[in-house]
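Numbering (my numbering), first residue to last: 1243 to 2148. One structure is given below, encoded as structure tokens.
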Amino acid sequence: MKGTTRLPKTRLMKKLTSKKKAALDYEILHRICDRAFFMALKMIDIANSRPVSDKGEPKVGGHASACASSQHILAAIHLVLRNPEDYLACKPHVSPMDHAFNYLLHNFRDKDGNLLDGDTRKLAMSHLRHYSKEGFPVFQSYHAESDPDSFRVFPSGSVGIPPVVALYTALTYEFAKDHHFEIDESPYFWCLMGDSEFREGSLMEAMPDAGERELGRVVWIVDYNRQNLDGTRVCNEKALGGSDADRMIGIAKSNGWEGIKLKHGKIRERLFAETGGQEFRRVLDEEFTDFEFQAVLEANRPELTREVLAKKSPNLKSFLKNLSEEQIQRAFLNLGGHDIESLVETLQTAKADVKRPSLIVAYTVKGYGLRCQGLSGNHSTLPEEEELMEMAERLAASNSDPFSEFPEDSTEEKYLDKRRTFLVEGMEQIRNQVTARQQSWKKSAAEIHWPSDMEISALKFNPYAHTQWMWGQIAAKLDRLARGEKASRESHPKAPDVSKLSITDQTWFKVARYFLTMAPDVGTSTNTSPNMNGKLYGDIEQEDFELLYDAKDKKAPDVVPKLSERSGHLRFEIAEGNCMSAAGAIGKFFYFVGMPLFPAMTIYDFFIKRAHDQYYYNLYWRSSFATLGTPSGVTLAPEGAQHSWKSDFQIPHAITWEPCFSKELDWIFADILRRHFTLDNEDRESPLIRCVTKGLPQKEFLERLKKQKRFEAAGEDEILGRVREEVLAGAYRLIHFEGYVDYVPGDNVVHLFAMGAPGVEAMRASDRLLEKGIYANVFIVTSPDLCLGNLAYQDAYRHLRETLKISGDVHLQKVDSQAQWISLQGGRIPIVSVHDGEPGLLDNIGSIVGVKQAALAVRRTSKSGTTADIYHVHGIDADSIVEASEKILEDTAKERFEVSANLQTS
Ligand SMILES: Cc1ncc(C[n+]2csc(CCOP(=O)(O)OP(=O)(O)O)c2C)c(N)n1
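This is the structure:
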């Protein structure tokens, strides 16, 4: 399948993206920015003034001062720098400011992507932090995909994540181009963040990766206002050897980034050129700690500013004498981050080197232009009505109709109009292009006859395969089809004919090129090595010295990165957060660009928690990617006892799978691929598959199934076909005695529910219980979400109740019969569940159907040892299952059933 459609660049598009630019009138841009700032403040004000019926309702709030400090940075991006294809990530609290610019640019769309008309745009502006029962456009507290202006914007809310996702989206573009996907845009990634945000570990973790991978279109801009939520940031500059800004620049440079400090605005620069100006510059640069500078700002007394400057340097005496206090104060306040001209110049410099990402530290003032300007506690200060009215008057805006736009014949409107033509019409072109790609893909995918498995024939030769091994086989097969010897002539001239592939492989071949693997330094230990060997993606312009000196370790994968079509594995350092953000970004490429890339990352299950925030972010905006949590649980006891807890995510849009036998995983992964490529994965976009490294007796899978009465007359294919359906619905019957002689529900029957590797313990327990005359049916849970969790809740646990026939029914048997009386005895079928993980994963079966349940699970931290020993320690071995089954049957037998007196007499 030709996956993507290259659409011809239209003449309009060419015109829109032409390089010619007229000289900018920065006065106009400042006036537009002032108006946008006023609108942002009014958005916050309206949200806070809405009537509430409940006393005690939490405050709405908003962040006027955080908007104020970033206003000019956003102005430079929105009004000058941003191209239609570019992406934007912002610190959460600046979102109203961002909405205001998009409002003026008419860059609002409905959920289908159609541009909003003027009235609806205006309505949206009064709907910040609002829920509309009527379905009118609203804005969430922070940037969200559902916002009207979310075109190529990364959601925010958790600081420190969006800039990283932006960075990995940039990497995805590189990957797509290097793999010859037809993609003709080269967007920039503008990311605005706070200075306290820049202390987030996620950002530090990602920086070297961006530097090494030379993601030069990434521009991070730190709004350096020297304040955070709790107040003025007071850093130990002595220990740091400079200001925090210096530290940031140092970090940038040592990580392969361009580091640019934008401290001074044009007013200052002009003064620096005058006599004595150099000393003025030196004093500003060298004589103030951030804290002292901030304190002078906070004091906001021009006479004090003069006095402090004069004290810093006697040489400034005559320079200062020539300036009025007002001029001095203006210059003192004239930081680069509030001067659009300086910002535009700096951002253009950052754009120039497309091989080196840039970090710009733009000096700003929190609350700039507001009464709370520079005040330490201004993070949540809301301007009073009077202040807003004053501002409206100053800007010739209307306080009662705050979202009225500039008059048609004004210079501001004329500038905006031109900018709209360039930006918004350009975005429309891109949107149409992406939609066309998406439609074309959906059409092709709908024509595919999707196989039910991956035909992993090697399973025959590995009688004690484990699920992690099976994952390796699946990944290797897809990789071979996409990039290996068997790939088609289309992409590899020397490759053999596709028609020699099996029918199944021919189908997987069609999608294999969209599949890629990745791991945070656990690729080889998670059986992903075949995908790595000579196939690591990247270009470090490094000669392969191992090759040159004939020093390759033949037993290990060749891990020298290459820029070739064959390179389909992304190698990460021990940086789980990076890997997770990359998976999220790549999994979102269909949404953004129309190419259905499907990343699968392996990670030790225990360490997914290192990337929880990133994982949550990916799930929240429905990225489609697979996580292989492997090895997982205490089943790893021989090698690593501390891997004792599994990652139990009950987050919307995630689905957890935990296969027991390898064949299950074959089916599950085939289904995951089909769902991803056909977009049949709503509410389960992100599968997490937990695997283990304990080998299980694979042949028992079919042997046990065949013993069920329901399959008495069925052939192998029919059995597997029917069981596959159950596997994909969340649980299947592995052992079932229904129809056997003396099978008496309510008397000698117990249901065992097992998940993952302890499924074998349940099998063994069932055998032993049978010897004691107890029929223990074994149900293998493949997905707790589908069988018992959020996804099962959606259809009232239909699979559990109807297919598996688990119920709370009382089974009564006649014991004795006399002329007048019938004696009854009976009960329900109790349940014992067992799995290697937190009890909450399976312990609700009993409460769903209304029977007694004993939940055997991992309830303590673990120890090293054999799996037999450690399963015993946790009570999840066959012995414990037998014991629990006997006890629960006994308890069930003690249940009393009272027959109403009325029934006796009637
Ligand atoms: C991960 C995370 N932690 C905490 C918060 C709460 N929070 C939001 S903004 C903020 C302070 C931001 O300070 P800074 O980054 O300097 O930006 P400023 O608002 O000063 O521009 C905090 C603590 C959050 N949104 N996300």
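Every residue, glycine too, gets a C-beta built ideally from N, C-alpha and C. What you are looking at is a predicted structure, and each value in this text was computed from that prediction instead of being measured.
Contact between Gln1710 and Thr1872 is confirmed by a C-beta separation of about 5 Å, below the 8 Å threshold. The DSSP assignment places complete alpha helix (DSSP H) segments of no fewer than 4 residues inside the segment 1921-1990 at 1941-1948 and 1958-1971, in order along the chain. Following the DSSP letters along the chain, one finds Thr1653 in no beta strand (DSSP E) but inside the alpha helix (DSSP H) bounded by residues Thr1653 to Glu1689.
Between Met1774 and the set Ala1793, Ala1798, Ile1850 and Phe1979, the nearest pair of CA atoms involves Ala1798.
Between Leu1434 and Val1336 the beta-carbon gap is near 7 Å, inside 8 Å, which marks them as a contact.
Every residue with a CB closer than 6 Å to a heavy atom of ligand 1 is listed here in chain order: Ala1308, Ser1311, Lys1333, Pro1334, His1335, Ser1400, Val1401, Gly1402, Gly1436, Asp1437, Ser1438, Glu1439, Asp1465, Asn1467, Gln1469, Asn1470, Leu1471 and Lys1608. Nearest Cα to Ile1816 within the set Gly1765, Gln1675, Ala1912 and Pro1772: Gly1765.
Taking the Cα positions, Arg1371 is about 48 Å away from Arg1975.
Positions of the beta strand (DSSP E) runs, each at least 3 residues long and wholly inside the segment 1997-2082, are given as 2017-2023, 2053-2059, 2064-2069 and 2073-2077 in order along the chain.
Counting only the Cα atoms, Ser1874 lies some 11 Å from Glu1881. Counting only residues of its own chain and dropping the five nearest sequence neighbours on each side, Phe1849 has a CB closer than 7 Å to the CB of Glu1818. Excluding its 5 nearest sequence neighbours in each direction, Pro1987 has C-beta neighbours in its own chain below 6 Å: His2053 and Ile2071, listed in chain order. Inter-segment contact for the segment 1670-1686 and the segment 1885-1896 is absent: fewer than three beta-carbon pairs are separated by less than 8 Å. By the neighbour-count definition (other C-beta atoms within 10 Å, threshold 16), Met1997 is a buried residue. Taking all protein chains in view, the Cβ of Glu1416 is crowded by 16 or more other Cβ atoms within 10 Å, so the residue is classified as buried.
DSSP places Ala1817 in the coil class of the three-state scheme, outside both helix and strand.
Inter-residue distance for Asp1786 and Asp1420 is about 20 Å (C-alpha atoms, whole angstroms). In this structure, Phe1279 sits near Ala1342, with a CB-CB distance shorter than 9 Å. With fewer than three CB-CB distances shorter than 8 Å, the segment 1922-1939 does not count as touching the segment 1715-1724. In this structure, DSSP gives Ser1600 an extended state, which the three-state scheme calls strand. Within the same chain, and ignoring the five residues on either side of Phe1350 in sequence, the residues whose Cβ sits closer than 8 Å to its Cβ are Asn1344, Leu1357, Leu1358, Thr1362, Arg1363, Ala1366, Pro1379, Pro1390 and Asp1391. Residue environment for His1691: exposed (fewer than 16 other C-beta atoms within 10 angstroms of its C-beta). Contact annotation, Gly1304 with Ile1286: C-beta distance approximately 3 Å; criterion of less than 8 Å satisfied. With distances taken between CA atoms, Asp2078 lies nearest to Glu2003 out of Glu2003, Thr2134 and Met1281.
Where Gln1590 is concerned, the enclosing alpha helix (DSSP H) starts and stops at Ile1582 to Ala1594.
About 5 Å separates the beta carbons of Asn1990 and Ile2016, which is inside the 8 Å limit, making them a contact pair. In this structure, the CA atom of Asp1340 is about 15 Å from the CA atom of Phe1431. Contact between the segment 1505-1525 and the segment 1554-1563 is established, with three or more Cβ pairs separated by less than 8 Å. Selection Val1406, Gln1382, Leu1266 and Leu1947 evaluated against Ala1853 yields Val1406 as nearest (Cα-Cα).
Asp1855 and Gly1402 have their C-alpha atoms some 10 Å from each other.
Lys1905 has its alpha-carbon roughly 15 Å from the corresponding atom of Lys1936. DSSP, reduced to helix, strand and coil, places Met1843 within a strand of the structure shown.
In the DSSP assignment, Leu1758 falls within the unbroken beta strand (DSSP E) covering Phe1757 to Pro1762.
When rounded, the separation of the alpha-carbon atoms in Glu1376 and Lys1949 is 57 Å. The DSSP assignment places complete alpha helix (DSSP H) segments of no fewer than 4 residues inside the segment 1435-1459 at 1443-1454, in order along the chain. Taking 8 Å as the upper bound for CB-CB distance, Ala1754 and Ala1707 are not in contact here, some 22 Å apart.
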